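Residue 374, in the working numbering, is where the sequence shown stops; the numbers in between run on with no holes. Built from N, CA and C at the ideal position, the CB exists for glycine as well. On a predicted model such as this, the values are computed, not experimentally measured, just so you know. First the structure, in the form of structure tokens, and then the observations on it.
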Amino acid sequence: MPALPSRRLAPAAVLSTAALVLAGCGGGSLSEDSGDGGDDTVTVGLVLPASGVYEPLGVDMTRGWELYLEQNDGMLGDREIEVVTADEGEGPDVGVPATTRVITQDQADVVVGIVNSATALGVKEGLASSEVPLIVANAGADDLADGSEWVWRTSFTNGGIAASLGEQVAEDVGDEPVYLMAADYAAGEESMAGFREAFEAAGGTVAGESLTPFGTTSDYQPFLTRAQNSDAGAIYAFYAGAEAVSFVTQYREFGAAEDLPLYGPGFLTEGGVLEAQGDAAVGVQTAMHYSNLLDTPENTEFVDAYVEAYDAQPTTYAVQAYDAAAALDAALATSDGTSGADIAAALGEVGEFSDSPRGPWSFDDDHNPEQTYFLREVEDVDGAPGNVVQGELN
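Okay, here's the thing in structure tokens:
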């Protein structure tokens, strides 16, 4: 799940077409380097949005990736890195051909990035056929990695973030039920389902739910009114990007904030979204695996370096790309060669990353990040809203 809403998952036609194109042409693993270590240069295809609605995420992620390389003299695992970039755009219609090009034309040994889940699913089969590993630095579809030897994720799963809030919200509301709201597309549905399962397992009850039309809803008052007229003691909501700005602003304007505490995944108040919401977001509580206000030595060092380099605060998206570079660095340090197969095998042996800005994390059996989620609450921090960490959720 990107921080901005993605389109629904790619149809089978997109998946099969990508697979045929990539499998038919081969990738970096089929280049002149046989993987015996004779060529120490690794070509990385960095596929991120450089245009369209996801462009702000692409900027943050590019910065995170470039900062790690700068801190390591442009090398990963003591190997020279050649980075070829491609614009992912807003969905698979642009993202799949862009990924295809970095494999077939640029002979990338590994692909890093991908914001949109439909794009990631659209290239997954073809990359595997071409033996080119994919390190996903954002896309959150629950079934994306599934333990595939070719897919590794340094971000999150939609259901995982949502589920981390279940027990906490159940404890906060006590006997009162919670009203669920989400944008009506795949990520919203996965988020709502993940929260509901964990919340009900912790003894919580649901007062009702609304799936709001994705991409076309500008007036949330009817849906907020339903929540206010139910017997709910709180709202759980999944929104991102412009929808998150509109929803949180109207949640405050229409008076729901007076009676119904608002919880949701961190996309609800992350990065530029929070800046646009301003004081309307104060009091909103979210779950996320990172906050720029996380008080650890590792994060303080990272924030200082990021601010010095870009004169901006880092976001979760920047950290996910930074950690994608760290994962590739660790893999290349022990890989037998530079082929895609060598890199994929080495990714399976990287172990725990103990010095990440987000805190310690590692790949689980499905190749998703096993990590801590934090409860954050928007508070005034030196005259501006910030996601202040309240504690750990798991």
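query: Starting from the C-beta of Asn138, find all residues in its chain whose C-beta is less than 6 Å away, skip the five residues before and the five after it, and write them out in chain order.; result: Met(-19), Gly120, Asp122, Ala167, Glu170 and Ser171
query: Hey, quick one: how far does the beta strand (DSSP E) through Asp67 stretch, first residue to last?; result: Arg59 to Asp67
query: For Ile215, which of helix, strand or coil comes out of DSSP?; result: strand
query: What residue does the beta strand (DSSP E) around Asp73 start on, and which one ends it?; result: Not the beta strand (DSSP E): Asp73 falls in the alpha helix (DSSP H), residues Pro72 to Thr84.
query: Please confirm if the segment 228 to 242 is in contact with the segment 274 to 284, defined as three or more CB-CB distances below 8 Å between the two stretches.; result: no
query: Measuring alpha carbon to alpha carbon, tell me which of Glu223, Glu238, Val299 and Phe282 ends up nearest Val253.; result: Glu223
query: With distance defined between alpha-carbon atoms, name the residue in Val112, Ala142, Gly331 and Pro337 nearest to Gln293.; result: Pro337
query: If I follow the unbroken alpha helix (DSSP H) through Glu288, where does it start and stop?; result: Pro277 to Tyr290
query: Tell me which same chain residues have a C-beta within less than 7 Å of the C-beta of Pro340, skipping the five on either side of it?; result: Glu332, Phe333 and Ser334
query: How would you call Gln51, buried or exposed, if buried means at least 16 neighbouring beta carbons within 10 angstroms?; result: exposed
query: Can you name the start and end residues of the alpha helix (DSSP H) that Leu107 belongs to?; result: Ser97 to Ser109
query: At a cut of 8 Å, does the segment 197 to 204 reach the segment 142 to 155 through at least three beta carbon pairs?; result: no
query: Whole-angstrom Cβ separation of Ala310 and Val330, contact assumed at under 8 Å?; result: 4 Å
query: Let me confirm a value: Pro245 is counted as buried when at least 16 other C-beta atoms fall within 10 Å, else exposed. Which label applies?; result: buried
query: DSSP state of Thr192, grouped into three classes?; result: strand
query: If you draw a straight line from the C-alpha of Thr295 to the C-alpha of Gly183, how long is it?; result: 33 Å
query: By DSSP, does Pro36 sit in helix, in strand, or in coil?; result: helix
query: How far does the alpha helix (DSSP H) with Ala298 in it reach, from first residue to last?; result: Thr296 to Thr314
query: Would you report the Cα separation of Val264 and Leu101, rounded to the nearest angstrom?; result: 32 Å
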